[in-house]
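Notes follow once the structure below has been shown.
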Amino acid sequence: MEVFPESLRGRLSSFMSNKLYQLHNTNLVTFLSDIVELCEPDSVYLVEGTREDLEYVKRKALENGEEIPLLNRNHTVHFDHPLDQARAREDTFILSGKIPFVNTRPREEGLKEVLGILKGSMKNREMLVGFYSLGPVNSKHRILAVQVTDSTYVIHSEMMLYRSAFWEFSGNVDFLRFVHSRGTQDIKRRRIAIDLGGTVYSVNTTYAGNSVGLKKLALRLTLNMAVNGGWLSEHMAIIGIDGERTHYVTASFPSGSGKTSTSMLGKLISDDLAFIRNVDGKARAWNPEAGVFGIIHGINPKDDPIIWEVLHKDDEVIFSNVLLKPDGTVYWDGSGEPEPEKGVNFTGEWWKGKRDGEGKPVPASHPNARFTVRLTSFRNLDPRYEDPEGVEVEAMIFGVKDYNTLVPIAEAFDWAHGVVTMGASMESARTSAVLGKSDEMEFNPMALLDFISVSLGMYLRNYLDFGRRLSKSPRIYSANYFLKGEKGFLNSKEDKRVWLRWIAERLEGKAGSILTPIGYIPKYDDLSRLFYHVLGKDYSRESYEAQFTIRLKAYKEKFKRIKDIYMSVDDTPAEVIEILDKQLLEIDKYVREFGDRVTPSQLESS
Ligand code: SPV
Ligand code: MN
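Letter 223 of the sequence shown, counting from 1, is numbered 203 in the numbering used here, and no numbers are missing.
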């Protein structure tokens, strides 16, 4: 191979040059040279992923203040700018013509702007380059990706969250490209520009959801690849639930509505993302990631014993936007520990009773404060997370945070019914993982609305076809852990264990069901047995009736809203509208017979 362009060669040590040379990858050399010319770093460090690399990156992160050491030498804390605590919806756009529900910017205009902001952004800094595989390195379905960044925190996070794969870049292989600069932290000039050709540019942000390219930025690219390639790239956990044998299920929940806690109830394969492919007629799933970037708010030893253990043992953890206490440990809200008097948080010095400029109380830890850890730290990790063939998916759960309508658990009639009335019809209370007001109900199909990069119509067509081409499609379930009655929440946190067991028993043909207009719901006898067996609890008929009463009127209103949304999208497949119409007619039949609500006992005796 010819020598590297001077711009790149002059910034690499001879050791690094030699390493890069050995790859013989001209795509890579061209890409890196272009970015070096654009961002003008002082030096370039190629992160192969060795022990030495990790030590180097960690040392630099502490030196430049991106991370602060904690009492436990394997723990650090990172703070993002007070206005950069979550995914920045408004500043994130696909470089393309208009797509309904997707933030877009005309390609040339958007690209020109972001490249302008990136110009010279790494002066006096080192540019780090990470090399990863989305999915097991030895899987033929893996996708390679390169991260370029001037943030040691971003690379440190990626070394924990992804599989390093430097030597896989040998030859002229292609890869996804992520270019990030902390810039000057000028939030007004924060931009995340996504070029579906395979490159994402991100600048003036450090919050991982905006800066760690392989996470949610890659999702926009892989979703587009999946829709075009007939597979699924989803915002889903993958877990193994035990019954007679292990059943693998995926779980799609908008951030902050129970996905991470659900993935701790079984054998853990993934807590956030899933690639799902048709392999010999079966749906098989992989985790593109190798770590967890989870919400820490509310993690306490009673409800989350596994995560609690991970955060308190000696494995590596990066805490972000929690409270740093004077004794070098951290505190977060909802941990069950007493709130400290003072410390340092995302707003700087913090004390009990601190108020912001508008007089609002400043919480000790941000509601979207997080922890970054490796999958291998979890005692419930399923070794099959490294299976190059993935695991077979038997069921898919679509869960929402819905105080008023959805029953805790229901099974769809079939694939298309589940995809349309459960996945594509998701509405959920807005999360703190996105900048803006929390708790408003939002349309969020497949918990993916923030990440969708193609039209919803194309996306759903691919989904429907995907299931049809399988010899056996997964069963589909809707879940809602947040249903309220007159006196508040109808379920306790641990009840989800029972719903998962019910799914396992459904898959094994052991548990029965009751037919309702919106799908099948559990029978009292099965749940009563499972509540006792799984939680050692007596489950009253009254609780059951309250939880599984179908709120027909609310369901009807919901499906009317959803139908209106899909009617307004040009390329919605006709089938989607047909299924929604049929669903509405079915609910109407019950409304005529029972009124606004129908209880399970009325359904059983009718
Ligand atoms: C989510 O909000 O869905 C997350 C965290 O998993 S982020 O990386 O911000 O997307
Ligand atoms: Mn997520």
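Using N, Cα and C, we set each Cβ at its ideal position, and we do this for glycine too.
- Give the straight-line distance between the Cα atoms of E296 and Y142, rounded to the nearest whole angstrom. Going by C-alpha positions, E296 is about 14 Å away from Y142.
Practice problem: For N118, name the three-state secondary structure that DSSP assigns. | Solution: In this structure, N118 counts as coil in the three-state DSSP scheme.
- prompt: Thinking C-beta only, is V180 closer than 9 Å to A198?
  reply: Yes, the Cβ-Cβ distance between A198 and V180 is below 9 Å.
Query raised in the report: How many Å lie between S(-13) and V94 at the Cα?
Result: Taking the straight line from one Cα to the other gives about 21 Å.
Checklist entry - Going by the beta-carbon positions, is the gap between P320 and A344 smaller than 9 Å? => result Yes.
Ends of the alpha helix (DSSP H) at F(-5)?
-> From DSSP, the alpha helix (DSSP H) with F(-5) extends over -6 to 3.
**Asked** Measuring CB to CB, does E369 end up less than 9 Å from R264?
**Response** A Cβ-Cβ contact shorter than 9 Å links E369 with R264.
### K196 CB to nearest heavy atom of the ligand SPV below 8 Å
Yes, Cβ of K196 sits closer than 8 Å to a heavy atom of the ligand SPV.
**Asked** Who are the Cβ neighbours of K538 in its own chain at under 6 Å, not counting the five residues just before and after it?
**Response** Taking K538 as the centre and dropping the five residues before and after it, the same chain places the C-beta of T385 closer than 6 Å to its C-beta, in chain order.
- Query: Since G189 contacts R(-11) with CB under 8 Å, what's their CB separation in whole angstroms?
  - Reply: Actually they do not touch by this definition, with Cβ atoms about 35 Å apart.
Review point. Are D252 and M216 touching if we call contact CB-CB under 9 Å?
Key: The Cβ atoms of D252 and M216 lie closer than 9 Å to each other.
At a cut of 8 Å, does the stretch 560 to 577 reach the stretch 525 to 532 through at least three beta carbon pairs?
-> Judged by Cβ distances under 8 Å, the stretch 560 to 577 makes contact with the stretch 525 to 532, as three or more pairs qualify.
Segment contact flag, the stretch 510 to 517 with the stretch 476 to 492, C-beta cutoff 8 Å, min 3 pairs: Yes, since at least three Cβ pairs between the stretch 510 to 517 and the stretch 476 to 492 fall closer than 8 Å, the two stretches touch.
- [ ] Would you kindly report the start and end of the unbroken alpha helix (DSSP H) that includes M205?
- [x] Element bounds for M205: 198 to 209.
Notebook entry, point to check: Does the distance from the CB of A484 to the CB of H227 come in under 9 Å?
Noted result: In this structure, A484 lies near H227, with their beta-carbon atoms less than 9 Å apart.
**Prompt:** Quick one: is F(-5) buried, meaning 16 or more other Cβ sit within 10 Å of its Cβ, or exposed?
**Reply:** So F(-5) ends up on the exposed side.
Q. Around the ligand MN, which residues pass a check of Cβ closer than 6 Å to any of its heavy atoms?
A. In chain order, the residues positioned with their C-beta nearer than 6 Å to some heavy atom of the ligand MN are H215, S235, D252.
CB-CB under 6 Å to T401, same chain, minus the five flanking residues each way: which ones, in chain order? Sequence-distant partners of T401 (beyond 5 residues in either direction) whose C-beta falls short of 6 Å from its own C-beta, in its chain, are Q563.
If I measure Cβ to Cβ from P223 and keep anything under 6 Å in the same chain, skipping five residues before and after, which residues do I get? According to the sequence as given, residue 223 is Gly; it is not Pro. The answer, listed in chain order, is A484, E488.
- Query: So, helix, strand or coil for Q127, using DSSP?
  - Reply: Strand.
query = Leaving out the 5 sequence neighbours to the left and right, which residues in its chain are closer than 8 Å to E47 when beta-carbon positions are compared?
reply = Excluding sequence neighbours, E47 sits near K38, A41, T56, V57, H58, T132, Y133, H136, I298.
By Cβ distance, which residues of its chain are closer than 6 Å to E28, with the 5 residues on each side in sequence left out? Setting aside the 5 residues that flank it on each side, E28 is surrounded in the same chain by F146, each with a C-beta closer than 6 Å to its C-beta; the list follows chain order.
| said: Taking the straight line between their C-alpha atoms, what separation do you get for V9 and Y1? | reply: If I take the Cα positions, the gap works out to 9 Å.
- Message: Give me the residue from V126, G220, P62 with the minimum Cα distance to A375.
- Response: Nearest in C-alpha terms to A375, of all of V126, G220, P62, is G220.
| said: Using a 10 Å radius around the Cβ and a threshold of 16 neighbouring Cβ atoms, would you call S453 buried or exposed? | reply: Its Cβ being crowded by 16 or more others within 10 Å, S453 is buried.
- Identify which residue in L114, L98, V342 has its Cα closest to the Cα of M107. Restricting attention to L114, L98, V342, the CA atom closest to the CA of M107 is found in L98.
Next on the checklist: Between L194 and A125, how many whole angstroms is the CB-CB distance? I'm expecting something under 8 Å.
Outcome noted: Their Cβ separation, rounded to whole angstroms, is 6 Å, which keeps L194 and A125 in contact under 8 Å.
Worksheet item: Expressed to the nearest angstrom, what Euclidean distance is found between the alpha-carbon atoms of P116 and E366?
Response: Each residue's alpha carbon lies about 5 Å from the other.
query = Going straight from the alpha carbon of M139 to that of L51, what length do you get?
reply = Spanning the alpha carbons of M139 and L51 requires a straight line of approximately 22 Å.
(message) According to DSSP, simplified to helix, strand and coil, what is W395?
(response) DSSP places W395 in helix when its eight states are reduced to three.
Kindly provide the ranges of any alpha helix (DSSP H) runs that are 4 or more residues long and lie completely inside the stretch 436 to 490, ordered along the chain.
For the stretch 436 to 490, whole alpha helix (DSSP H) runs of length 4 or above, ordered along the chain, are 436 to 448, 476 to 487.
- Per-residue burial, E624 [other beta carbons within 10 Å of its own, 16 or more giving buried]: The question about residue 624 has no answer, for the chain in this structure spans -19 to 586.
Write down the C-beta distance between F(-16) and S(-3) rounded to the nearest angstrom, noting that I regard them as a contact closer than 8 Å.
Correct: roughly 7 Å between the Cβ atoms.
Checklist entry - So what does I167 bridge to, in DSSP terms? => result DSSP lists no partner for I167.
In terms of residue numbering, what span does the alpha helix (DSSP H) encompassing W288 cover? Its alpha helix (DSSP H) spans residues 285 to 292.
What separation, rounded to the nearest whole angstrom, lies between the Cα atoms of T465 and G77? In the sequence on display, residue 465 carries Gly and not Thr. G465 and G77: Cα-Cα distance of roughly 45 Å.
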